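In what follows, a structure is listed as structure tokens, so that the remarks can point back to it.
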Amino acid sequence: MKKTWKIILSLACVFALIASLGIGAFAYTDEEIDAMLAEARRAQDAVDIQNIMSRHVMYHCYGEHRDEMEEIWVQEKENRETASFGQNQGFMLGFGAIWDGYVEGHDESWLSSAKRYCQQNGIDISDWTDDEILEVYGGVGQLLLHVTTTSIIEVAADGKTAKGFWYSPGMIKETNGGASAMWEAYGADFVKEEGGWKLWHLHMYTDFGGGFFVELGSSGGSGEPSGSTGGTAAAKPETTTITTSDQKDIAEIDTFTRYDYLSSPQYTQYSVDRLRSEMEVIPIPVPYETWSFDDPSFGPTAEEYAANGIDLNAWYAAQ
Numbered sequence: 004m005k006k007t008w009k010i011i012l013s014l015a016c017v018f019a020l021i022a023s024l025g026i027g028a029f030a031y032t033d034e035e036i037d038a039m040l041a042e043a044r045r046a047q048d049a050v051d052i053q054n055i056m057s058r059h060v061m062y063h064c065y066g067e068h069r070d071e072m073e074e075i076w077v078q079e080k081e082n083r084e085t086a087s088f089g090q091n092q093g094f095m096l097g098f099g100a101i102w103d104g105y106v107e108g109h110d111e112s113w114l115s116s117a118k119r120y121c122q123q124n125g126i127d128i129s130d131w132t133d134d135e136i137l138e139v140y141g142g143v144g145q146l147l148l149h150v151t152t153t154s155i156i157e158v159a160a161d162g163k164t165a166k167g168f169w170y171s172p173g174m175i176k177e178t179n180g181g182a183s184a185m186w187e188a189y190g191a192d193f194v195k196e197e198g199g200w201k202l203w204h205l206h207m208y209t210d211f212g213g214g215f216f217v218e219l220g221s222s223g224g225s226g227e228p229s230g231s232t233g234g235t236a237a238a239k240p241e242t243t244t245i246t247t248s249d250q251k252d253i254a255e256i257d258t259f260t261r262y263d264y265l266s267s268p269q270y271t272q273y274s275v276d277r278l279r280s281e282m283e284v285i286p287i288p289v290p291y292e293t294w295s296f297d298d299p300s301f302g303p304t305a306e307e308y309a310a311n312g313i314d315l316n317a318w319y320a321a322q
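Here the sequence shown stands for residues 4 to 322, where the numbers follow the numbering used here.
Right, dumping it as structure tokens:
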């Protein structure tokens, strides 16, 4: 009997200990649970943002700038009005200006390269439209490859915006046999829209680079682009119609470029002292609470927006 009571008392002590541990050690407060969920959301946000930037790399590599602008760039009106694409020579400000330079300007470059390729290889495209030439031969002989490394991603505490930084070694190959290798820093700002994270400001800081000659060979097959039959009897593709008016008319203030993007020398001049002088002022992302145009970012400054007639209060009001 005495032994039975000892067992009962021991079990009572065990149950009491478990109960006390359950309340004191294994239970979380609502605040702690909210904090853990917020950390999990920020971790997923960082993965999503990295994927957005990697998709930019691949869209650019394949020359699919139209798809890129429609799928991973901002879509809401206030975000489009304040979107920007910056390089050493200046900014394209507004979604429509980016479309003109990054999409239509790119198509002009690829069309010129495609026509040169066909001329060099005796391919008769005299009765082809420009769209047909681009569909079959666009990008042939060119390589635009800018990989991203060393990512630094900071999501705002309010979860509405984010900033990212990458370093990017890259290479450009042209149909004339020339090639350039370059090293750049990529900075980007992102904003969360109804459909998820979108690219808002992109800035490419070119540090240095150099030209060299490289002969790109084929990995197999005919060496002809998809849709081509080779020689002088290439098959014409089916006609497709591309409408851009709905992309270009979304904002009134939409045409500012500090420099002429299409005619300015993109990568022909490099400053010998830029790597250590200007790199120091690139706004490497740090933790922040919420977005402010007064804080360092990868887009234009608040003063530059104001100088071009863009009212940033409209952006704040839409948030």
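Idealized CB from N, CA, C, for every residue including glycine. Since the model is a prediction, treat every value here as computed from it, not as a measurement.
Assigned secondary structure, residue i (DSSP; H/G/I helix, E/B strand, else coil)
i	result
aspartate 210	strand
alanine 159	coil
tryptophan 318	helix
glutamate 196	strand
glutamate 306	helix
Residue i to residue j span [Cα, whole Å]
i	j	result
phenylalanine 301	histidine 206	6 Å
lysine 166	aspartate 127	48 Å
glycine 212	histidine 59	21 Å
glutamate 42	aspartate 192	20 Å
asparagine 91	glutamate 84	21 Å
aspartate 33	glutamine 322	27 Å
glutamate 81	glycine 99	13 Å
glycine 125	arginine 119	10 Å
alanine 317	alanine 310	16 Å
glycine 108	glutamate 35	51 Å
aspartate 297	leucine 40	29 Å
glutamate 197	glutamine 53	18 Å
serine 115	glutamate 187	26 Å
alanine 30	alanine 49	29 Å
glutamate 323	valine 150	The displayed coordinates of the chain run from 4 to 322. Any statement about residue 323 would go beyond what the structure contains.
glycine 226	glycine 312	Note that glycine 226 scores 42 on pLDDT, short of 50, meaning its location in the model is unreliable; the coordinates nonetheless yield the value given after this. Using only the alpha carbons, I get a separation of about 50 Å.
glutamine 123	aspartate 130	17 Å
proline 288	glutamate 135	43 Å
serine 267	alanine 320	In this predicted model, serine 267 has a pLDDT of only 40, less than 50, meaning its place in the structure is not dependable enough to derive any value.
leucine 202	glutamate 306	22 Å
aspartate 103	alanine 38	44 Å
serine 154	cysteine 64	19 Å
arginine 69	glutamate 79	17 Å
glycine 214	glycine 97	32 Å
Below-8 Å beta-carbon distance, residue i vs any chain D residue
i	result
methionine 185	No chain D appears in this structure, which consists of one protein chain only.
Own chain partners of residue i with C-beta closer than 6 Å, once the 5 adjacent residues on each side are dropped
i	result
aspartate 51	Trp200
threonine 293	Ala159 and Asp161
lysine 195	Lys163
tyrosine 204	It should be pointed out that residue 204 corresponds to histidine in this sequence rather than to tyrosine. Only Ser87, Asp192, Phe301 and Gly302 meet the Cβ criterion.
serine 280	Model confidence at serine 280 stands at a pLDDT of 40, short of 50, so the residue's coordinates are unreliable; what they give is reported in the following sentence. If we look at serine 280 and ignore the five residues flanking it on each side, it has no Cβ neighbours.
Spatially closest choice to residue i from the options, by CA coordinates
i	options	result
proline 172	Val158, Leu147, Glu157 and Ile156	Leu147
isoleucine 285	Gly66, Tyr308 and Trp169	Trp169
tyrosine 62	Cys121, Ser116 and Val106	Val106
valine 143	Ile156, Asp110, Ile155 and Val150	Asp110
tyrosine 291	Arg45, Leu40 and Gly198	Arg45
threonine 132	Val150, Gln47, Ala117 and Gly214	Ala117
glutamine 47	Gly97, Glu157 and Gly141	Glu157
cysteine 121	Asp298, Gly198 and Gly141	Gly141
methionine 56	Tyr189, Asp37, Ala38 and Asp70	Tyr189
Nonlocal neighbours in the same chain, by C-beta distance under 8 Å from residue i, ignoring five residues either side
i	result
isoleucine 101	Met72, Trp76, Ala86, Ser87, Phe88 and Met95
tyrosine 270	Here tyrosine 270 scores only 34 on pLDDT, less than 50, and its place in the model should not be relied on; the value that follows carries that caveat. Excluding positions up to five away in sequence, the list reads Ile175, Ser183, Met185, Thr209 and Gly212.
tryptophan 113	Gly66, Leu137, Gly141, Gly142 and Gln145
serine 229	Residue confidence for serine 229 is low, a pLDDT of 43 falling below 50, so the modelled location carries little weight; the figure read from the coordinates is stated next. Val139.
threonine 152	Trp169, Tyr170, Ser171 and Pro172
leucine 315	Thr85, Phe296, Ala305, Tyr308 and Ala309
Same chain only: Cβ atoms within 7 Å of residue i, ignoring 5 sequence neighbours per side
i	result
proline 299	Pro286
- Task: Only counting runs of 4 or more residues, tell me where the alpha helix (DSSP H) segments fall wholly within the region 77 to 154, in order along the chain.
- Result: 80 to 84, 98 to 101, 108 to 123 and 133 to 140
- With a floor of 3 residues, list each beta strand (DSSP E) that falls wholly inside the region 163 to 192, ordered by position along the chain. 164 to 176
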